[in-house]
Amino acid sequence: MLLFPHVQQQDESDCGAACLAILLACRGKRVSLARLRDLANVTTEGASMASLAEAARRLGFTARGMELSYEVLSRYPLPAIAHWEGNHYVVLYRVSRTHAWVSDPALDRIRYTRAQFERSWTGRVLVIEPTDEIRTIGKPRTPWRRFVAHLRTSACLLVEVFLAGLGMLVLGTVLPLFIQQIVDRVAVTGSRSLLDALLAGLLAATVGALVLYGVRAYLLAHVSWRTSVSLAGSFYRHLLALPARFFEVRRTGDILARFADGERVSELLGGRPIQIVLDASLVLAYVGLMLYFSLPLTLIVLVFLSSFLVLALAFVPVLKRANRRVFAARARERSAFLESVTGIETAKALDLERSLRSKWEGLFLAAQRIGHRANLVALSFRALTGGVSSFAVVVLLWYGARRVAGGEMTIGELLAFHIVAVSVFHPLLGLISSWEEFQQGTVSVERLTEVLTSRTETETRRTRFEPPRLEGHVRFENVFFRYGADDSPYALKSVSFEVHPGQVLAVVGRSGCGKTTLGRLLLGLHVAQEGRILVDEIDVREIDLATLRRNIATVPQEVSLFQGTVWQNVHAGHGDPDLHRVIEAARLAGAHEFISELAGGYKARVAEKGANLSAGERQRLSLARALYRSPQILVFDEPTSALDAESEDALWKNLEPCFLARTAILLAHRMGTVRRADRILVLEDGEVVEAGTEAELLAKRGLYASFSDRIPC
């Protein structure tokens, strides 16, 4: 059963998707984890059994969720997905009366005793059987191919690096020949002129090798720099193009870890492939030289070289598993660290520093322990290979001395052979080290590929229609939407409404009723599962996203400001920066007064996340940023929650002219905001339960009337 497939999960929440990948691998199919995550609706909490079953059916399996006892497991088809320790999934592929064999995506293939298995298994299992409809969703390329493409711009430099290395290789093989000649000819004849000539040649070869080494090092540094810039730029561009859901279902630490993986891959691609070719060429050249000096001694060296390769093949899978665990542990530790730093104000206010420190220290120590174990594995490998090379030297000296004593070779030949034999282990160790690094790099490549194979927002859309201009007529037709899997509750249910340019629509309801979700769907951040959302009678799924979002400005509940100046935050890179428009937008948003009082005015620096501004000032800047774009549709989500009643009233008076020819959707709690709407929608548990003017809704004495008195003004 050692050949049973195993797929390692990339993130803590990937276990369900990895189990599906293992089941597909049993049938000779390969599907990327990114696609399987999408199919199984994986979130930061993982996947539900129901969503895994639905994903399996879409892939061409039959799937049945069952609760079983250990005694009857053997009666059902295996492999199957077993629910493990409450929040994990493993693939159960063999069971006997005393033992169970699982492929754990977080660890490896493991054999448990029945008692051990029953302690972790919850009793739930997803019985899966293949049908004739099994298919792959896309065919992933060999992981490294995608990244080798970043070397194309450095092709000429790589050729130069190779030629410099080739020159070093040739000069490196000259040294043993010089040594042989000095010992066998100069020592015998005592010719000083021959000695001087040989030493001059040796000196010239050494200087030439040093020059070529410097040239190669310089070129490799340049290649590494180019590769790093190309790969990091490509990764960041793709990351920004991914849909909002990608970020919602992943921890920040996991995403940052992927970026660090990119640096590792860049370093490997920058010079390691050339080094591998040169090391392999050097090994072949040295083996040729050894054959020239002595066939029996060469055979002894080849025996030791074979033992090197056996050790490498034995240690590689162990090193790969260890590195995966290190990456996963470090990602968890980074997430906890970022969580504590970004929420430091709340942590201090609630006196949570000790609790957060304890949590981070636990994760940090766990990561260090896992890293230490991985280092021990690597050190054991290096110690064994070093021991083999040392033992080889002793054996060669012993056998070589016997051959010299028997007159079968000269002292010069033995000395030269010894130099070559010792030298051959260096490039071979380089090859093994490169192999080890590429195994570590393969883990990084797989993690990067999981991001780069995720479909961007534009790739998930049917068409990319670019209307010349949007007027702002918005209509929702029987819209259903849920954030999670098919068994999760709907955030919006059968929502229908219409709003025309020049109208102001307010959407009210209790927290969690779906108000914010409406705005996110209109912006194309998510796609409704059922129904249609139309802008100017065009389905938003068919409108080019950049065009759609240029015509919609939003003020979110949680304002995000960027490091830079006030001026840069208001124009936010939209079009040519126009200071007059920036000031006008700030005046409308009621921000001009406080900006003018800042040291530097519009050139004043804004700290990360606007930490040097009050909540009300951040909200006004966000409003100014939305108004600067002169959009046709305005979506305000609690736009005045941080303002006092007087400031709110003044703000709405400023904004009234902006609403004359635009569509405005206000997602609000405050009465001062709601009362300015031409029409009001009342949401309850994702459904529109009331709609009309404020007077009509109050007259109905329904839900709106019941809590209107409690809505703050």
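Its first residue numbered 213, the sequence shown is counted upward by one per residue in the working numbering.
Glycine included, C-beta positions come from ideal geometry on N, C-alpha and C.
The structure displayed is predicted, hence computed values, not measured ones.
Cβ neighbour criterion (16 or more within 10 Å) applied to residue i
i       : result
Gly-350 : Residue placement at Gly-350 cannot be trusted, given a pLDDT of 49 that sits under 50; the coordinates are not used to answer.
Thr-343 : exposed
Val-314 : buried
Thr-875 : buried
Lys-912 : exposed
Cys-925 : With a pLDDT of 46 at Cys-925, under the threshold of 50, the modelled position of that residue is not reliable, and the figure given next carries that caveat. By the 10 Å Cβ count, Cys-925 comes out exposed.
Arg-287 : exposed
Cys-368 : exposed
Gly-619 : exposed
Tyr-305 : buried
Arg-544 : buried
Ser-570 : exposed
Asp-466 : buried
Pro-763 : Correcting the residue identity first, residue 763 is Asn in this sequence and not Pro. It is buried - the Cβ of Asn-763 has at least 16 other Cβ atoms within 10 Å.
Lys-815 : exposed
Ile-556 : exposed
His-362 : buried
Thr-654 : buried
Proximal residues to residue i (C-beta, below 8 Å), its chain only, five neighbours per side dropped
i       : result
Leu-872 : Gly-714
Leu-773 : Asn-781, Val-818, Lys-821, Gly-822, Leu-825, Arg-830, Leu-833 and Ser-834
Gln-741 : Phe-692, Phe-693 and Arg-694
Leu-264 : Gly-228, Cys-231, Leu-232, Ala-252, Ala-275, Ile-293, Tyr-301 and Leu-338
Gly-932 : The chain is shown only over 213 to 925; residue 932 falls outside these bounds and no answer can be derived.
Met-380 : Ala-421, Leu-424, Tyr-425, Arg-428 and Leu-490
His-630 : Val-605, Leu-608, Leu-609 and Gly-612
C-alpha distance - residue i paired with residue j, whole-angstrom precision
i       : j       : result
Ala-417 : Tyr-425 : 12 Å
Arg-249 : Gly-277 : 19 Å
Leu-338 : Ala-252 : 14 Å
Leu-387 : Val-489 : 21 Å
Leu-245 : Val-307 : 27 Å
Phe-516 : Leu-609 : 14 Å
Glu-625 : Tyr-498 : 14 Å
Asn-535 : Thr-661 : 17 Å
Asp-890 : Thr-766 : 19 Å
Glu-809 : Arg-673 : 46 Å
Val-219 : Ile-234 : 6 Å
Val-538 : Leu-588 : 13 Å
Gly-298 : His-584 : 29 Å
Phe-447 : Ile-391 : 52 Å
Gln-844 : Thr-728 : 19 Å
Contact set for residue i: own chain, Cβ-Cβ below 6 Å, skip 5 residues either direction
i       : result
Ala-268 : Ala-275 and Ile-340
His-450 : Leu-664
Leu-893 : Phe-709, Val-719, Val-900 and Ala-903
Ser-440 : Ser-478
Of the listed residues the options, nearest to residue i (C-alpha basis)
i       : options                               : result
Arg-659 : Leu-235, Arg-321 and Trp-356          : Trp-356
Val-382 : Ala-444, Ser-493, Leu-454 and Ser-308 : Ser-493
Gly-377 : Asp-756, Pro-639 and Ala-784          : Pro-639
Gly-413 : Ser-436, Thr-385, Tyr-430 and Gln-775 : Thr-385
Leu-682 : Leu-846, Leu-626, Ala-541 and Thr-622 : Leu-846
Asp-316 : Thr-672, His-295, Trp-864 and Val-499 : His-295
Met-883 : Glu-860, Glu-573, Val-530 and Tyr-288 : Glu-860
Ala-590 : Glu-649, Val-616, Met-380 and Thr-334 : Glu-649
Glu-551 : Trp-572, Thr-729, Leu-363 and Arg-837 : Trp-572
Ala-526 : Phe-593, Ile-394, Phe-471 and Tyr-916 : Phe-593
Pro-679 : Arg-687, Ile-755, Phe-549 and Ser-366 : Ile-755
Arg-247 : Gly-240, Arg-667, His-362 and Ala-262 : Arg-667
Leu-641 : Ser-405, Thr-597 and Ser-442          : Thr-597
Cβ distance (whole Å) where residue i is taken to contact residue j below 8 Å
i       : j       : result
Asp-223 : Arg-462 : 7 Å
Ser-656 : Asp-473 : 4 Å
Ala-318 : His-300 : 7 Å
Val-243 : Asp-226 : 13 Å between Cβ atoms; not a contact.
Val-634 : Val-605 : 6 Å
Thr-885 : Leu-878 : 6 Å
Thr-334 : Thr-310 : Between Thr-310 and Thr-334 the Cβ distance is about 21 Å, and since that is not below 8 Å, they are no contact.
Leu-159 : Ala-559 : Lying outside 213 to 925, the shown extent of the chain, residue 159 is not represented and no answer is given.
Leu-507 : Tyr-611 : Actually they are not in contact, since the Cβ atoms of Leu-507 and Tyr-611 sit about 12 Å apart, beyond 8 Å.
Ile-750 : Leu-733 : Not quite, the Cβ-Cβ distance comes to about 15 Å (not below 8 Å), so this is no contact.
Thr-365 : Arg-438 : 6 Å
Other residues of its chain near residue i: CB distance less than 7 Å, five sequence neighbours each side excluded
i       : result
Leu-468 : Arg-546
Val-303 : Cys-231, Ile-234, Leu-235, Pro-291, Ile-293, Val-314 and Ser-315
Any non-hydrogen atom of the ligand HEM closer than 6 Å to residue i Cβ
i       : result
Glu-545 : Absence of the ligand HEM from the depicted structure is noted, as is the absence of any ligand whatsoever, leaving it without description.
Interface flag, residue i vs chain D, CB-CB below 7 Å
i       : result
Leu-370 : The structure shown contains no chain D; it holds only a single protein chain.
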